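A quick write-up on the structure given underneath.
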Amino acid sequence: MPIAMIGRGYDEALPHTAEIEHTLSEIARLAAARRISVKEKAKIAIAAMRNRVVFSLALVLVVIGFIIIAQRAKFSRRRDEYIRAFLLLHAHMTRSRIVALRLFLGELGRQILPSPEMLKAAQDAVKELEGITNRLMRIANSERDVRTQPLGKLLEENRGALDTHIRLEIDDNAKQLQVPATQVRLIVEELVNNAMAAVQGKQDKQVTIGARVLNRRFLFARRLLIEIADNGSGMTSDILAKAATPFFSMRGGSHVGLGLTGCIEMVNAMRGSIKIKSTPGFSTVVRILLPIGPRR
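Everything in the sequence shown is counted per the working numbering, starting at 10 for the first residue and increasing by one.
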């Protein structure tokens, strides 16, 4: 460049052209090598990133697979508990009616005409056995009974079928609440039957069914509280501890137990809880807490 600017000394510059050409060639080679190196590093980085993404996706799929397997196993266990609770409660209810029929047949065996009351009780027992069998067949033919019914209507029907003197105390926010019809009906019916047996013979007998929604801070934490209370003779702590034993009886052959085992199992299968508070000589209160979905 200086030679070109001063306009002389070209002869002295000619010997250096080969060196300059070699230097330029070396620079071009190094630039090409650098470009290739950068491209290779970029390819390696892209491949590494792709591998990390593939590994992450595979890990996510494995985790999802384990979650699905765990949920299926949990659902299967819950379904088994659900069916077991139904079968246990139906077995208790069936055995109760069979005992009544056995007493009726015992009267016939003595060649004594049964009283109209005993004949009616036997006929009612047959009808109840037929109804229980039909419900059991529905359970066997379907994995889960998902039919729902407004709680207020369900409890009114239960009261009409059992005893019209049963008092209902249902909050307005619970009357239209949709609940699993078969499960809640069976649980309430069994517990109310126990309460009615406890107050039998009392002049001022009282059996109350209460229901209300317990609102929590979060919508998904809402619970349905159902209470069955009576002013019967109550239970001692020893009897209360045995009451959940299948077919435990406090009244000999005339009754085959409180059926609390079936109720407890069924409530647990519904992800709820059940508590019993009894004062000997005064009263018994059974509280059932069931989870309910958010408002729609």
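The beta carbon of each residue, even a glycine, is placed where N, CA and C say it ideally should be.
Model, not experiment: these values are computed from the prediction.
Residue pairing by DSSP puts residue 295 in a beta bridge opposite 237 and 285.
When DSSP states are grouped into helix, strand and coil, residue 104 belongs to the helix group.
Under DSSP, the beta-bridge partners assigned to residue 179 are 220. Taking C-beta atoms as the reference points, residue 233 and residue 190 fail to come closer than 8 Å.
DSSP, read as helix, strand or coil, puts residue 132 in helix. Separation of the CB atoms of residue 217 and residue 238 is rounded to 5 Å, and the pair is thereby assigned contact status at 8 Å. Judged by DSSP in its simplified three-state form, residue 245 adopts coil rather than helix or strand. Relative to the Cα of residue 199, the nearest Cα in the group 112, 103, 89 and 212 belongs to 103.
According to the DSSP secondary-structure assignment, residue 232 is paired through a beta bridge with 223 and 300. Take the alpha-carbon of residue 301 and the one of residue 161: they are about 15 Å apart. For residue 188, the secondary structure class from DSSP, reduced to helix, strand or coil, is strand. Excluding residues up to 5 positions away in sequence, 243 and 245 lie with their Cβ nearer than 6 Å to the Cβ of residue 289 in the same chain. Taking 8 Å as the cut-off, the Cβ atoms of residue 220 and residue 180 count as close.
In the three-state scheme derived from DSSP, where H, G and I count as helix and E and B as strand, residue 158 is classed as strand.
In the structure shown, residue 213 falls within a coil segment according to DSSP collapsed to helix, strand and coil. Per DSSP, the continuous alpha helix (DSSP H) segment holding residue 275 begins and ends at 269-278. Exposure of residue 58 is indicated by the presence of fewer than 16 other C-beta atoms within 10 angstroms of its C-beta.
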